[in-house]
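**Q** One structure follows; several queries about it will come next.
Number of protein chains: 2
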Amino acid sequence: MFKKVLVSEDLGSISNGIISVLEALHIDNFIQVQYCDDAYLKIKKASQDKRPFDLLITDLSFKTDHREQKYASGEKLIKALKEEHLNIKIIAYSVEDRPQKVRNVMIDSKADAYVCKGRNGLKELDEAIAAVLNGHTYLSPKVGNALRETAPAEIDDYDVEVMKLLANGLSQDQISVNFQGHNIHPSSLSAIEKRILKLRNHFNANNSVHLISIAKDLGLI
Amino acid sequence: MFKKVLVSEDLGSISNGIISVLEALHIDNFIQVQYCDDAYLKIKKASQDKRPFDLLITDLSFKTDHREQKYASGEKLIKALKEEHLNIKIIAYSVEDRPQKVRNVMIDSKADAYVCKGRNGLKELDEAIAAVLNGHTYLSPKVGNALRETAPAEIDDYDVEVMKLLANGLSQDQISVNFQGHNIHPSSLSAIEKRILKLRNHFNANNSVHLISIAKDLGLI
DNA sequence: ACGCACATTACGGAAAACCGCAAAGAAAAT
DNA sequence: ATTTTCTTTGCGGTTTTCCGTAATGTGCGT
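Chains as they are written, first to last, in the numbering used here: chain A, 1 to 221; chain B, 1001 to 1221.
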């Protein structure tokens, strides 16, 4: 079983739940942190001291406050740790259940498991720990098909930026000018139009207003 | 101190946290449910049996699943209970921190306290229980000024309906037709235009997209 | 160098949004 | 009944969005 676990989660009430799972598994060597940066520093330090953590359970979204954070989200933390190929298993524990998000975390950031907070969250977390321990990956049943689904035309950073500017009240023309000013390409009005059209089709939106409404609901912007 | 408490919250890990607070207060007569409808039924039943609950701690948003729910959200549950003037105190416990939402829950649904989930959520929950016990209301510091802010009273149901339809992708023309079909007045295209203009001015929005983006952020729609 | 696929830009027309002002209607006051 | 005021509707003109299509550019393999 895992010997040393780090729990990164800013809501005190939730980490309580995680810890009850750990205790049920007789894991008593665990530490809690509330910021991604703290998690990163503690893991690095422990590794250098030859007393490494072997499991990280982390939330994805953290409320921002006054403290400046280098790793603002769980994804970034996970990706950073995995890129240093530290020998640590990572379980993402999030309310987020959108396939796209799950894909990002599992494929891009390379987490070992993705557990959805929900009615069965703690039970699934328990299962995830067992799976990861045995070198497998794990996905909550709710998002189990996220990786198999036909990857829908990716929504990339460019798309998100366009939608953000739209939501901030810029006209397509202004977005074009904005992109030219920031050397972002493509930047022509025509290109902006085309991209918005692609997004509208992708989300089955009738018009720009509808599109931004949907994107907001999905938490894309 | 409260004698009998109901906790309504669909995320198991969070209700664990709530319960640890209750236990610290030596309240051991509590029941957990994961659906608003269950909460309503249990409270009604207990009241009829002359063993009423005297405190309800409830989340606001519940993930939907296959089960049809009469009360889909915490607000509706709170409002229904308060309208029957059962003698029960109610604390809303939510991640939501938008003033408009807080106003709705406190003023419209008539909750006794509003606690934001967050780093200090459990501590504040503890304070809220104490306040409510003494007949006071309580707001998390983060949303403490939500009720004092200049209430945007001039946004009425009609305005909200217009914005909802806009957000759902209807053109101003289609909204006009929709209103005529539902006998809502005014319904002319010109009137819709004028209303949207008023809303844009009110929220300092550049255009309809911007308006709907703002309205979503404020929780109006 | 050439052709080919794909990305980007350009353009023109129809629809919708945006904007100001005027006409018509309804309600209230005198 | 008439005036006054406010609400609702109508309308013309400009800008922006929407949509199809065409032209240009760019990278890549042969």
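We treat Cβ as the ideally placed atom computed from N, Cα and C, and that holds for glycine.
#1: Hey, is H1202 of chain B's beta-carbon within less than 8 Å of any beta-carbon in chain A?
#2: I'd like the span of the alpha helix (DSSP H) that includes I57 of chain A, first residue to last.
#3: For the ligand ATP, is there a heavy atom less than 7 Å away from the beta-carbon of D108 of chain A?
#4: Which residues does DSSP pair with Q1032 of chain B in a beta bridge?
#5: Can you look up V21 of chain A in the DSSP assignment and give me helix, strand or coil?
#6: If we cut at 8 Å on Cβ distances, does K42 of chain A have a partner in chain B?
#7: Counting Cβ pairs, one atom from each stretch, are 3 or more of them under 8 Å apart for the region 102-121 of chain A and the region 138-147 of chain A?
#8: Taking 8 Å as the CB-CB limit, is D156 of chain A close to chain B?
#9: Excluding five sequence neighbours on each side, which residues of the same chain lie with their C-beta closer than 6 Å to the C-beta of L125 of chain A?
#10: What is the DSSP secondary structure of A992 of chain B, reduced to helix, strand or coil?
#11: For a test of the three-state rule: what should DSSP assign to S115 of chain A, helix, strand or coil?
#12: Out of B:E1075, B:D1054, B:A1167 and B:I1155, point me to the one whose CA is closest to I1027 of chain B's CA.
#13: Comparing C-alpha positions only, which one of A:I88, A:S73 and A:A80 sits nearest to K101 of chain A?
#14: Checking contacts by CB at 8 Å: is A191 of chain A closer than that to chain B?
#15: Can you give me the start and stop residues for the beta strand (DSSP E) that I1090 of chain B sits inside?
#16: How many angstroms separate the CA atom of I1019 of chain B from the CA atom of A1092 of chain B?
#17: Given this structure, state the Cα-to-Cα distance separating K1089 of chain B from K1042 of chain B, to the nearest angstrom.
#18: Which residues of the region 100-119 of chain A have a Cβ closer than 8 Å to any Cβ of chain B? Give them in chain order.
#19: Opposite Y1138 of chain B in the DSSP bridges: which residues?
#20: Can you name the residues of chain B whose CB is closer than 8 Å to the CB of D34 of chain A?
#21: How about the region 187-206 of chain A and the region 1196-1203 of chain B: do they share at least three Cβ pairs that are nearer than 8 Å?
#22: Please confirm whether E268 of chain A and T58 of chain A have their CB atoms less than 8 Å apart.
**A** On the basis of the coordinates in this document:
#1: no
#2: That residue, I57 of chain A, is in no alpha helix (DSSP H); its beta strand (DSSP E) goes L55 to T58.
#3: By its list of ligands, the structure shown contains no ligand whatsoever, and the ligand ATP lies outside what it can speak to.
#4: B:V1007
#5: helix
#6: no
#7: yes
#8: no
#9: V21 and V115
#10: Outside the shown range of chain B (1001 to 1221) lies residue 992 of chain B, about which nothing can therefore be said.
#11: The residue you asked about is not Ser; residue 115 of chain A is Val in the sequence shown. If DSSP states are grouped into helix, strand and coil, V115 of chain A belongs with the strands.
#12: B:D1054
#13: A:S73
#14: no
#15: K1089 to S1094
#16: 15 Å
#17: 15 Å
#18: K117, G118 and R119
#19: B:A1113
#20: According to the sequence displayed, residue 34 of chain A carries Gln and not Asp. Under the 8 Å cutoff, chain B gives R1119.
#21: no
#22: The first residue shown for chain A is 1 and the last is 221, placing residue 268 of chain A beyond what the model contains.
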